[in-house]
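> Line by line, the protein sequences give chains R and G.
Mapping of the first sequence onto my numbering: position 121 corresponds to residue 121, and the numbering continues sequentially without gaps.
With the second sequence counted from 1, adding 269 to any position gets you my numbering.
After the structure tokens below, expect a handful of questions from me.
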Amino acid sequence: MKTRPYGRWLMPAAVLVIVFLYAPLLVVVVYAFNNGRNLTWPPQGFSFRWFEHIFSDPNFRSALLLSFLTAGLAAIIASSIGTVAAVVFMRNGGRTVRISELLGRLPVAIPPLLIGIGLVSFMKVTGIQPGPVTIVAGQAILAVPFVIIVVSAALRNYDLELESAARDLGAPPGQIVRRITLPLIGPAILGATLLAFAISFDEVLLTNFTSGVSTTVPLYIFGLIRRYIDPSVNAVAAILMLIPWLAILISSLVLRRTGATSSMLDGGH
Amino acid sequence: MAGLQVSGQDDHRSVSVEQISRRYGSVIAVDAVDLEIPAGTFFSLLGPSGCGKTTLLRLIAGLETPSSGRVLSGDQDITRTPPERRPFNMVFQRYALFPHLSVRDNIAFGLTTQRRSRPGRHELVRRVNEVLELVGLDGLGDRLPAQLSGGQQQRVAVARALVRRPRLLLLDEPMAALDRNVRHQVREELLRLHRETGTTFLLVTHDQEEALSISQRVALMSAGRLEQVADPQTVYRNPATLFAARFIGAGSFVSARVLGPSDGGVMVDVEGIRFTAAAAPGAADSIAAQVLLRPQDLRAVGPGAGLVDGVCETCSYFGLYFELTVTTRVGLLRLHSQRPVAPGDALGIEWSTTVGIAYPSRSEASSDELGELPASDAGSSHAWHDAPNSGADDSGT
């Protein structure tokens, strides 16, 4: 018989962790579909009334639109900057590059609160008015380090010798990027973009500093619970939870899909 | 396979390098090398890892820029020509196949990079099929590289390079990543491809057996310099330097005093035993020498019956013969014997009056470099023609 020193406790422990992680989320989802007015146990019947309620609120609709716009833009900006940075970091071994690489990743460990305070001071000094543009800027700042980390990981598996081979086979630099580099690290860039979108979409702390009078979905939630606990907050929260999850789900589906590539010789035999 | 031969007036132009050097900071990887690779030859660059052979190959390919010196294709200086415009193609050590492209698309890649010379669809398919058949991969064209064995991947790498009909095919340790039993087959395969395509092959390897068995000419490198450039028989029978003698084949070295010129070489004295050895350059003028004695030069006889007595250390079986290592007062000797000898047994060793090659002792310094070699490469205890090769070498250079 095999002895499994932790075998008996491993499964219950894992289940406990999962319950701990997901129980609050479960409560949110259950009460999002609750028919009653109060957050009492047990929930009273199933309904979409809170979803109907919030979607009839023009403030929520504009907040949702703004969230999509700012997170989308921030994701595109962050993935562009982050990818270029990751490529530069991976190909150059100098000390300056190593220090910049560290500085590029460090913000992951910096509380958004500090970055927010910094941005507020920056806006005051430069006279930039808070609004959608500053929301995008703040979210992009937060997302860039994650993009760098994801793309660098992909580049580590990318053999630079492939580029030598492509050159040797007559490909000029532009063609190497288009035919070799992008197809190979493109999925990672796309994954990083969707991750950046997810991070930006539910970001609340930094956005609070940079939004001015505009409202994103997370800020809308804060508005709802500031005065009293509006039962529709659960519906909003469920939506807020769902969208980044969808982004991550799509990214993993896309990553799997890119395994199949179009052939330059389709059916040519 | 005449269709694969290089066409045009450039057929018979050799490729050469002149005084080419490559420095990395204070390290000189390639040190003022002059080398000509005649058109149509199967040429090998042989040397221990880190000797600069791969760097030299990449300098010729254009993937490295020389610190000084020139690369010539015929009379044409191509030193500043980028790799994508050189008429050479390379088989990379780890093949560098494009993992996202099928075998077919990997091979077609090199035909589709130059818009001006891009063949039509029909021609493209024809040439890819032709080369697939040439390397024996027909039927596997739609696989991805990851779905192939190491040997098959190597064939794809060769096919991908040959489809462009290069004037020179560069092979960077193409067999290092293969299992030993596949290597033999691949070697014959390369010889066949060389014969059928008529292309010049330049092979880089650390494996002397590989280099000597398949090439028409071998350039032996050490520490960024050429030690000897000759045909395999000459390299094996008459290594030009002590380094070459230690690197090629297997043998024992004994210290000797040089007594003076003799018929066919120099008279040497090894601890009182006198015989005539062939003289490597400089040996006749020096006082002390290292004499190379090949295992097949020595014979085992009864104790006291030979020129020197010794005690058997090891006895290994190689099918056609036993190989003995014997401790004697002149040093450790390696020899072949038809009969096994038990370790610990005493025996005598004799050799003829004209044997071995004497190398001047002042070039002893080069033996330090040899000290870094894996033992199986440097002190390989069997003749190259039936030596199982040591493990795979890293890219090293």
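The C-beta atom is built at its ideal place from N, Cα and C for all residues, glycine as well.
Since the structure is predicted, the reported quantities are computational estimates derived from the model, not experimental observations.
Do you know offhand how far VAL286/G's Cα is from CYS584/G's?
Within the second sequence, the letter at position 17 stands for residue 286/G. Within the second sequence, the letter at position 315 stands for residue 584/G. So the alpha carbons of these two residues sit roughly 46 Å apart.
> Got a sec? Which residues, its chain only, sit under 6 Å from GLY138/R by beta carbon, not counting five neighbours each side?
Stepping through the first sequence from its first residue, residue 138/R is reached at position 138. Answer for GLY138/R: LEU119, LEU206, THR210, listed in chain order.
> Just checking: is the beta-carbon of THR382/G within a distance shorter than 9 Å of some beta-carbon in chain R?
Position 113 of the second sequence, counting from 1, holds the residue named residue 382/G. Yes - at least one Cβ of chain R is within 9 Å of the one on THR382/G.
> With a CB to CB cut of under 7 Å and the five nearest residues on each side skipped, what residues in its chain are close to ALA558/G?
What you label residue 558/G is simply residue 289 of the second sequence in a count that begins at 1. ALA525, VAL527, VAL537, ALA552, ALA627, TYR628, PRO629, SER630.
> How big is the Cα-Cα spacing for GLY223/R and PRO42/R?
Translated into positions along the first sequence, residue 223/R becomes position 223. Translated into positions along the first sequence, residue 42/R becomes position 42. Near 26 Å, if we compare the C-alpha coordinates of PRO42/R and GLY223/R.
> Tell me the DSSP bridge mates of THR310/G?
On the second sequence, position 41 is the one that residue 310/G refers to. BP columns for THR310/G are empty, so no partner.
> Does GLN139/R get closer than 9 Å to chain C when you measure Cβ to Cβ?
Any reference to chain C falls outside this structure, whose protein chains are R and G.
> Leaving out five residues on either side along the sequence, give the residues of the same chain with a beta carbon under 7 Å from the beta carbon of LEU567/G.
Residue 567/G sits at position 298 when you count from the first residue of the second sequence. Once the five neighbours on either side are set aside, the close Cβ partners of LEU567/G are LEU602, LEU604, ILE618, TRP620.
> For the alpha helix (DSSP H) containing ASP374/G, list its first residue and its last residue.
As a position in the second sequence, residue 374/G is number 105, starting the count at 1. It spans 372-378 - the alpha helix (DSSP H) in which ASP374/G sits, taken as one unbroken run.
> Using a Cβ-Cβ distance under 9 Å, would ALA428/G count as near chain R?
For the purposes of this step, residue 428/G is taken as residue 159 along the second sequence, with counting starting at 1. Not closer than 9 Å to any Cβ of chain R, the Cβ of ALA428/G fails to qualify, so no.
> Whole angstroms are fine: how far does the CA of ILE248/R sit from the CA of MET11/R?
Translated into the one-based positions of the first sequence, residue 11/R becomes position 11. Translated into the one-based positions of the first sequence, residue 248/R becomes position 248. Taking the straight line from one Cα to the other gives about 27 Å.
> Please report whether the beta-carbon of LEU162/R lies at a distance below 9 Å from any beta-carbon of chain G.
Translated into the one-based positions of the first sequence, residue 162/R becomes position 162. True, the Cβ-Cβ gap to chain G drops below 9 Å.
> Got a sec? Which residues, its chain only, sit under 6 Å from GLY625/G by beta carbon, not counting five neighbours each side?
Counted from its first residue, the second sequence places residue 625/G at position 356. Within the same chain, GLY625/G has close Cβ partners ALA546, VAL560, LEU561, LEU562.
> Mind listing the chain R neighbours of MET359/G? Cutoff is C-beta to C-beta under 7 Å, in chain order.
Walking along the second sequence from the start, residue 359/G turns up at place 90. Simply ASP168.
> LEU184/R versus chain G: which residues are under 9 Å apart at the beta carbon?
Position 184 of the first sequence holds residue 184/R. Here the neighbours are PHE367, PRO368, HIS369.
> Which value, in whole angstroms, describes the spacing of the CA atoms of ARG434/G and VAL487/G?
Along the second sequence, read from residue 1 onward, the residue named residue 434/G stands at position 165. Along the second sequence, read from residue 1 onward, the residue named residue 487/G stands at position 218. So the alpha carbons of these two residues sit roughly 23 Å apart.
> Pull up the distance between the alpha-carbon of PRO643/G and that of PHE512/G, whole angstroms please.
Residue numbering aside, residue 643/G sits at position 374 when the second sequence is read from its first letter. Residue numbering aside, residue 512/G sits at position 243 when the second sequence is read from its first letter. Residue confidence for PRO643/G is low, a pLDDT of 38 falling below 50, so the modelled location carries little weight; the figure read from the coordinates is stated next. Spanning the two alpha carbons is a distance of roughly 15 Å.
> So, GLN607/G versus PHE591/G, is the Cβ gap smaller than 9 Å?
Translated into positions along the second sequence, residue 607/G becomes position 338. Translated into positions along the second sequence, residue 591/G becomes position 322. Going by C-beta atoms, GLN607/G is nearer than 9 Å to PHE591/G.
> So what does MET490/G bridge to, in DSSP terms?
Taking the second sequence and counting its residues from 1, one reaches residue 490/G at position 221. DSSP lists LEU495/G as partners of MET490/G.
> For GLY698/G, count neighbouring Cβ atoms within 10 angstroms of its own Cβ and tell me buried if that reaches 16, exposed if not.
Because chain G is modelled from 270 through 666, residue 698/G falls outside the range shown and cannot be assessed.
> Does any CB atom of chain G fall closer than 9 Å to the CB of ILE189/R?
For this step, residue 189/R is matched to residue 189 along the first sequence. No, no contact with chain G.
> By DSSP's criteria, ILE626/G is part of a beta bridge. Which residues make up the other side?
In the second sequence, residue 626/G corresponds to position 357, counting from 1. DSSP lists ALA547/G, LEU561/G as partners of ILE626/G.
> Can you pull the chain G neighbours of ALA171/R, defined as C-beta to C-beta under 8 Å?
By 1-based counting over the first sequence, the position of residue 171/R is 171. Within 8 Å Cβ-Cβ: GLU353, PHE378, THR382.
> Beta-carbon within less than 8 Å of ILE128/R's beta-carbon, same chain only, minus the 5 sequence neighbours each way: which residues are those?
In the first sequence, residue 128/R corresponds to position 128, counting from 1. Excluding positions up to five away in sequence, the list reads PHE122, THR134.
> Three Cβ pairs or more, each shorter than 8 Å: is that satisfied between the stretch 427-444 of chain G and the stretch 492-508 of chain G?
As far as the Cβ criterion goes, the stretch 427-444 of chain G does not touch the stretch 492-508 of chain G, which means the pair count is below three.
> Taking ALA165/R as the query, report the chain G residues whose CB atoms sit under 7 Å from its CB, ordered along the chain.
Taking the first sequence and counting its residues from 1, one reaches residue 165/R at position 165. What ALA165/R touches in chain G: PHE361, ALA365.
> If I measure Cβ to Cβ from VAL17/R and keep anything under 8 Å in the same chain, skipping five residues before and after, which residues do I get?
Taking the first residue of the first sequence as 1, we reach residue 17/R at position 17. Taken in chain order, the list of residues that qualify is empty.
> Please go through the same chain and pick out, in chain order, the residues whose beta-carbon is closer than 7 Å to the beta-carbon of LEU113/R, but skip the five residues on each side of it.
In the first sequence, residue 113/R corresponds to position 113, counting from 1. Taken in chain order, the residues that qualify are LEU205.
> Run through DSSP, which three-state label would SER214/R get?
Here residue 214/R corresponds to residue number 214 of the first sequence, with the count starting at 1. Three-state result, SER214/R: coil.
> How about LEU332/G: is its C-beta nearer than 9 Å to some C-beta of chain R?
In the second sequence, counting from the first residue as 1, residue 332/G sits at position 63. It does: the Cβ of LEU332/G has a partner Cβ on chain R nearer than 9 Å.
> Is it right to say ALA428/G is buried, meaning 16 or more other beta carbons lie within 10 angstroms of its own, or is it exposed?
Sequence index remark: in the second sequence, residue 428/G carries index 159 (1-based). Its Cβ being crowded by 16 or more others within 10 Å, ALA428/G is buried.
> Could you spell out the range, first to last residue, of the alpha helix (DSSP H) harbouring ASP168/R?
Along the first sequence, read from residue 1 onward, the residue named residue 168/R stands at position 168. Its alpha helix (DSSP H) spans residues 161-168.
> Can you tell which of ASP407/G, PRO530/G, ALA430/G, ILE556/G has its C-alpha closest to the C-alpha of THR623/G?
Within the second sequence, numbered from 1, the residue matching residue 623/G stands at position 354. Ranking the options by Cα distance to THR623/G, first place goes to PRO530/G.
> Taking the beta strand (DSSP E) that GLU402/G belongs to, which residues open and close that run?
For the purposes of this step, residue 402/G is taken as the residue at position 133 of the second sequence. Not the beta strand (DSSP E): GLU402/G falls in the alpha helix (DSSP H), residues 390-403.
> Using the DSSP secondary-structure output, state which residues sit across from ARG354/G in a beta bridge.
In the second sequence, residue 354/G corresponds to position 85, counting from 1. Bridge partners of ARG354/G: none, in fact.
> Give me the Cβ distance between ARG373/G and VAL400/G, rounded to the nearest whole Å; I'm assuming they're in contact under 8 Å.
Position 104 of the second sequence, counted from the start, is the residue given in the question as residue 373/G. Position 131 of the second sequence, counted from the start, is the residue given in the question as residue 400/G. Between VAL400/G and ARG373/G the Cβ distance is about 10 Å, and since that is not below 8 Å, they are no contact.
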